[in-house]
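In order, the protein sequences belong to chains A and B. Take 1 as the starting number for the first sequence in the working numbering and just add one per residue. Take 249 as the starting number for the second sequence in the working numbering and just add one per residue. So the structure is just underneath, and the comments pick up after that.
Number of protein chains: 2
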Amino acid sequence: MLKKERHDFIMRQINLHNRVLTSDLVQLLNVSEDTIRRDLQELVDDGLLFKVHGGALSKSYHSSFDDSTVYARDSKIIIAKKAISLIKDGMVVLIGGGTTIIEFVKQLPQNIAATFFTISPLVAVELAKYNNVEVILIGGLFSKNSQITYGGHVISQLAEIKADLCLMGTSAIHHEEGLTDTDWEINQLKKAMIACSKKTAVLCISEKLDITLRLKVCPIESISYLVTELEKGHGLLEGYRQKRAEIL
Amino acid sequence: MLKKERHDFIMRQINLHNRVLTSDLVQLLNVSEDTIRRDLQELVDDGLLFKVHGGALSKSYHSSFDDSTVYARDSKIIIAKKAISLIKDGMVVLIGGGTTIIEFVKQLPQNIAATFFTISPLVAVELAKYNNVEVILIGGLFSKNSQITYGGHVISQLAEIKADLCLMGTSAIHHEEGLTDTDWEINQLKKAMIACSKKTAVLCISEKLDITLRLKVCPIESISYLVTELEKGHGLLEGYRQKRAEIL
DNA sequence: ATAAAACACGCATAATCACGCACTTTACTT
DNA sequence: AAGTAAAGTGCGTGATTATGCGTGTTTTAT
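The structure is reproduced here in structure tokens:
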């Protein structure tokens, strides 16, 4: 069989099943592994597919998300790195949505081993890239604005969960008023999330500190960890340092 | 034998088999390799075929190969446009995952008004862009491979739904064997999806026609609509036309 | 931590190719 | 009819390409 014919065959398989295994191709085409690897490499060079350990994936299936346009991305990465230390192997983690959280998920070490419950499809997709992670997506009505599931169905499912840790972003946090928000549904949701977790960590960039919005989610005492991009001793954190929450 | 005769012979072989090997032609025509190479080169110069190491391929074969990703996308867009007619305002639609389905969702008219249940986070995110659409994401274990939710929890939730229409892609469809798949969980899932919908539409590119995989999802009789990029009267659809399914 | 699988790299080999040259055939001129 | 230019063909030689194997490394799974 000619090389081009093999390439064609491989691309057909890719378009059909979105992925191919090197070992399968070796059998189907009756050539050595090296030849298949070389074929795959050439197709990669032509930009026709995406190579991974064990085979190759369709290009269209895996090129969907844009990294660059996230606001205050650097700060969020700093926050993410700090927050990683909160996750221990085997933990059951309940995790929210929002850009800060997504950045956190992207920064997780590749070998992380834990169970994640999430209400955010985007977080679920990111988490799925980790082999030792089990992802449970909590279903329900899907919010167009915040890209998370919400509503009674979500809350009743949350009630059945007992998580070791809850990670969430926030619109506002204040050292006296605690966590607040503007949206009634999200408010309810966050309450439920906090209620079903032993500990709660809030990840937020410093510009959301000392802001109060209309609806109260919980007092500052309900928060176990506060993670910002600031140094532990930064002045802005003074008011929070006196509370129970640990500051990272 | 004259040069012209050899050229004709070569072109006949090309049209017959889509390919020729230099070595075969040497034997068949009883001339030296050089002569064959020169012949092939002249045919290439005339734009009649495409030369590769070891022989030559038909021009059409090559063109259907090099832009295969674009080709597949075009097909999927054609499929999407056809399938849109199945959605009526106010319908409750159950929709699966996969690239064909995602392309379908992207093609929906902006003013579409319906309720969508889905097991695919990516589909949910796309659907959320339509103002008059209500999206319910069915939660459960999240599959790393297929980027959909699956497992018992999903299936039990599906059992509570009664949808007007179910839209799904497929890995394989055969006019005798019906819908088949390779993955046990996805198999179960699809069965459940079909069971809870009044009608089922299968969206698939023609390359997936007449393929049978290991696990049976349902007989062809369970499918209400078959949507491919082919014309209604295309020969490949003959076997399906005799079944109950309506072909779009 | 460990073993198995998948991988990358260099090398050897065989097939395929390109090019120059010589020889033959063809076709055209005188 | 003979001469001649042009085209066609085959062969030798060295270059290029394709492939498989061995070895050691990386990745993955347990």
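Every residue, glycine too, gets a C-beta built ideally from N, C-alpha and C.
Residue i, DSSP secondary structure in three states
i: A:ARG19; result: strand
i: B:TYR398; result: strand
i: A:VAL31; result: coil
i: B:HIS255; result: helix
i: B:LEU296; result: coil
i: B:GLY338; result: coil
i: B:ALA411; result: strand
i: B:GLU382; result: strand
i: B:MET441; result: helix
i: B:LEU291; result: helix
i: A:LYS287; result: Nothing can be reported for residue 287 of chain A, as the shown portion of chain A is limited to 1 through 248.
i: A:GLY178; result: strand
i: B:ASN435; result: helix
i: B:SER306; result: strand
i: B:THR474; result: Correcting the residue type first, residue 474 of chain B is Leu in the shown sequence and not Thr. In the structure shown, B:LEU474 sits in a strand (DSSP, three-state: E or B).
i: B:GLU455; result: helix
i: A:HIS140; result: One point to set straight first is that residue 140 of chain A is Gly, not His, in the sequence displayed. Reduced to three states, the DSSP call for A:GLY140 is strand.
i: A:THR200; result: strand
i: B:GLU351; result: helix
i: A:GLU246; result: strand
i: B:ILE421; result: strand
i: B:LYS480; result: coil
i: A:LEU215; result: strand
i: A:ALA114; result: strand
i: B:ILE343; result: strand
Same chain only: Cβ atoms within 6 Å of residue i, ignoring 5 sequence neighbours per side
i: A:GLN157; result: ILE138
i: A:VAL26; result: GLU33 and ILE36
i: B:ILE326; result: GLU477
i: A:THR170; result: LEU179, VAL202 and CYS204
i: B:HIS422; result: ASP458 and THR460
i: A:ASP66; result: Note that A:ASP66 scores 48 on pLDDT, short of 50, meaning its location in the model is unreliable; the coordinates nonetheless yield the value given after this. Nothing meets the Cβ criterion.
i: B:VAL340; result: THR363, ALA411 and ASP412
i: B:LYS299; result: LEU288 and VAL292
i: A:GLU185; result: TYR150
Own chain, CB closer than 8 Å to residue i, minus 5 neighbours either side, in chain order
i: A:PRO109; result: ILE84
i: B:MET259; result: LEU291, LEU296 and LEU297
i: A:GLY233; result: none
i: A:GLU141; result: In the sequence on display, residue 141 of chain A carries Leu and not Glu. If we look at A:LEU141 and ignore the five residues flanking it on each side, its Cβ neighbours are THR149, TYR150, GLY151, HIS153 and VAL154.
i: A:LYS3; result: ASP39
i: B:LYS456; result: THR418, SER419, ALA420 and ILE421
i: B:LEU370; result: GLY345, ILE350 and GLN395
Beta-carbon proximity of residue i to residue j, cut-off 8 Å
i: A:SER197; j: A:ALA163; result: yes
i: A:LEU179; j: A:LEU203; result: no
i: A:ILE119; j: A:THR149; result: yes
i: A:LEU86; j: A:TYR225; result: yes
i: A:LYS88; j: A:GLN107; result: no
i: A:PHE117; j: A:ILE161; result: yes
i: A:GLU103; j: A:LYS76; result: yes
i: B:ALA493; j: B:ILE468; result: yes
i: B:GLN395; j: B:GLY345; result: yes
i: B:LEU499; j: B:ILE495; result: Shown here, chain B extends from 249 to 496; a query on residue 499 of chain B therefore has no answer.
Chain A contact residues for residue i, given Cβ-Cβ distances below 8 Å
i: B:PRO369; result: PRO121, LEU122, ALA124, VAL125 and LEU137
i: B:ARG267; result: LEU2 and GLU5
i: B:GLY303; result: LEU2
i: B:GLN289; result: In chain order: nothing, as chain A lies at least about 17 Å away.
Proximal residues of chain A, C-beta to C-beta of residue i below 9 Å
i: B:VAL300; result: LEU2, LYS3, LYS4 and GLU5
i: B:LEU389; result: GLU134, VAL135, ILE136 and LEU137
Residues that residue i contacts on chain B, provided the C-beta gap is smaller than 9 Å
i: A:LYS190; result: Result: empty, since nearest Cβ-Cβ is about 18 Å, beyond 9 Å.
i: A:ALA163; result: The premise fails here: A:ALA163 is roughly 15 Å from chain B at the closest Cβ pair, so nothing lies under 9 Å.
Neighbourhood of residue i by C-beta, 7 Å cutoff - its chain only, sequence neighbours within 5 removed
i: A:ILE14; result: VAL20, LEU49, ALA56 and SER58
i: B:ASN435; result: ASP429, LEU463 and VAL465
i: B:ILE442; result: CYS414, THR448, CYS466 and SER470
i: B:ASN359; result: ASN380
i: A:GLU126; result: ILE102, VAL105 and LYS106
Beta-carbon neighbours of residue i, restricted to chain B and to distances below 8 Å
i: A:THR149; result: LEU385 and GLY387
i: A:GLN157; result: GLY387
Contact set between residue i and chain A, taken where Cβ atoms lie within less than 7 Å
i: B:SER419; result: HIS17
Chain B residues whose Cβ lies nearer than 7 Å to that of residue i
i: A:LYS144; result: ALA376
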